[in-house]
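Quick notes on the structure that follows.
Numbering (this note's numbering), first residue to last: 61 to 270.
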């Protein structure tokens with residue numbers, strides 16, 4: 061079962077007025093949607109919500125929504141923050157069947173990047189996709205997808221097939237082995253090469269006496 065439990069209240073009314081009232085009372089307003097049911101306006105105690113949010117196990121993960129004695133699995137799809145105070149202002153929860161596959165984006169992590177051969181060759185990693193949409197059961201969503209760069213060389217192209225996929229994970233893009241990242245000459249290496257070339261052009265040439 062999910063590690064995080066969100067104790068929610070159902071809000072009366074919809075719109076900005078209801079949301080502002082919830083915030084003034086120390087709650088974060090949100091919406092529960094999905095499945096074959098109508099959307100429901102809800103709210104969660106802000107302090108409890110912050111604790112759940114900062115664990116890193118809320119967004120994009122299976123959590124348990126609790127209302128009174130009723131519970132149901134949900135996915136936290138989005139959280140909106142105040143641009144100045146960074147206070148959580150609104151959130152979206154999606155109803156799911158925890159044993160059924162869903163489409164969800166998961167971040168990509170590159171390990172061994174500092175010790176890879178391309179680093180010694182003057183290369184740099186250029187990430188094309190920081191996250192990948194996958195198809196996976198709601199109760200098996202991985203924290204991240206991992207690419208091992210231990211053997212990556214200059215000029216390599218990192219594709220989806222290079223990801224160490226957890227069991228049960230499939231890509232939603234199935235018609236091609238799409239690009240995740242590329243290894244190219246770093247700007248620092250190019251700058252160093254340009255400096256060397258400039259120094260060579262500026263060096264005086266020796267004259268030989270006849």
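No residue lacks a Cβ here, since even glycine has one placed at the ideal position from N, Cα and C.
The model shown is predicted, which means the values in this text are computed figures rather than measured ones.
Q: Please state if the CB of residue 223 and the CB of residue 207 are separated by a distance shorter than 7 Å.
A: Numbered from its first residue, the chain shown carries residue 207 at position 147. Numbered from its first residue, the chain shown carries residue 223 at position 163. Yes, they are a contact pair.
Q | Paired residues, beta bridge with residue 197 - DSSP | A | In the chain shown, the residue the question calls residue 197 occupies position 137. For residue 197, which the question treats as bridged, DSSP gives the partners 161.
**Q.** Beta-carbon proximity list for residue 43, same chain, < 8 Å, skipping 5 on both sides
**A.** Since the first residue of the chain shown is 61 and the last is 270, residue 43 is not available in this structure.
Q. What residues are listed by DSSP as bridge partners for residue 342?
A. Nothing can be reported for residue 342: it is not among the residues displayed for the chain, which extend from 61 to 270.
Q) Any contact of the segment 159-176 with the segment 186-196, i.e. 3+ C-beta pairs under 8 Å? A) yes
(Q) When you compare the segment 131-140 with the segment 71-84, are there three or more beta-carbon pairs, one atom per stretch, that lie closer than 8 Å? (A) no
(Q) Measuring only from the beta carbon, is residue 234 closer than 6 Å to any heavy atom that is part of the ligand GTP? (A) This structure simply doesn't include the ligand GTP, nor any ligand for that matter.
Q: Please check the pair residue 67 and residue 104, which I expect to be a contact at CB under 8 Å, by giving their CB distance rounded to whole angstroms.
A: Your numbering for residue 67 matches position 7 in the chain shown. Your numbering for residue 104 matches position 44 in the chain shown. About 7 Å; that satisfies the 8 Å criterion.
Q: Mind reading off the beta-carbon distance from residue 113 to residue 148? Whole number of angstroms is fine, and I expect it under 8 Å.
A: In the chain shown, residue 113 corresponds to position 53, counting from 1. In the chain shown, residue 148 corresponds to position 88, counting from 1. Confirmed, Cβ separation roughly 6 Å.
**Q.** Coil, strand or helix - residue 280 by DSSP
**A.** Past the edges of the chain, shown from 61 to 270, lies residue 280, and the structure says nothing about it.
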